[in-house]
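In UniProt numbering, the protein residues as written are 1 to 171.
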């Protein structure tokens with residue numbers, strides 16, 4: 001049961017965060033808090049060794065520190081920083097974390113280009129009856145939570161905790 005929860009928590013939280021960011025340009029703090037609390041409860045029962053758990057917490061701290069610099073420079077929003085750091089805990093220091101970060105950057109760039117295109121063509125979309133989320137059109141920000149969500153859902157399955165949970169489910 002707990003192994004199944006491990007495999008559902010991060011993807012579901014990322015989906016909720018992505019939808020929230022797309023429609024409101026905010027990522028609720030409770031999502032990041034829930035991710036951290038769930039990891040604290042589920043990691044020990046998922047078969048993940050304590051050393052790996054502590055490295056996962058360290059990975060989250062490193063991502064938080066680096067991304068806080070981006071927040072300070074007004075490059076990233078606070079919700080994005082917190083979601084990335086909380087998600088990084090679920091990846092630990094692993095190749096999956098590297099893939100997650102790289103894919104987040106790539107999807108973020110693609111979404112930024114798409115948002116710029118949509119904003120430049122907003123009148124055309126309105127004329128043909130397609131209504132786009134108002135925050136996407138009005139805000140100067142980009143819903144980066146969408147990129148984080150897509151990247152996380154694609155790369156989570158190779159993270160140490162997901163591999164451990166999948167192994168337990170197969171027994």
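Every residue gets a Cβ at the ideal spot worked out from N, C-alpha and C, and that includes glycine.
{"query": "Unbroken stretches of the alpha helix (DSSP H), 4 residues or longer, contained in the UniProt domain \"Prepilin type IV endopeptidase peptidase\" (8 to 110)", "result": "29 to 45, 50 to 72, 78 to 91"}
{"query": "Residue 170 - DSSP class collapsed to helix/strand/coil", "result": "helix"}
{"query": "Bounding residues of the alpha helix (DSSP H) (the contiguous stretch that carries residue 150)", "result": "144 to 155"}
{"query": "Residues near residue 20 in its chain [Cβ-Cβ closer than 8 Å; skip 5 each side]", "result": "26, 27, 28, 31, 145"}
{"query": "For residue 160, three-class secondary structure by DSSP", "result": "helix"}
{"query": "contact_flag[the stretch 38 to 54, the stretch 112 to 127] where n(CB pairs < 8 Å) is 3 or more", "result": "no"}
{"query": "Inter-stretch contact at 8 Å, needing at least 3 Cβ pairs: the stretch 134 to 144 / the stretch 2 to 9", "result": "no"}
{"query": "Residue 119 to residue 23 span [Cα, whole Å]", "result": "15 Å"}
{"query": "Close-in-space but distant-in-sequence residues of the same chain around residue 78 (CB under 8 Å, 5 per side omitted)", "result": "71"}
{"query": "Contact test: residue 114 Cβ vs the ligand ATP heavy atom, cutoff 7 Å", "result": "Annotation note on the ligand ATP: not contained in the displayed structure, which lists no ligands."}
{"query": "Residue 161 vs residue 86 beta-carbon contact at 8 Å", "result": "no"}
{"query": "Residue from 167, 53, 157 with nearest C-alpha to residue 11", "result": "157"}
{"query": "Span of the alpha helix (DSSP H), counted from its first residue to its last, around residue 135", "result": "134 to 138"}
{"query": "Rounded straight-line distance, which links the Cα of residue 95 to that of residue 155", "result": "10 Å"}
{"query": "Neighbour-count burial assignment, residue 14, 16 or more Cβ in a 10 Å radius", "result": "buried"}
{"query": "Proximity of residue 35 and residue 90 at Cβ, strictly below 8 Å", "result": "yes"}
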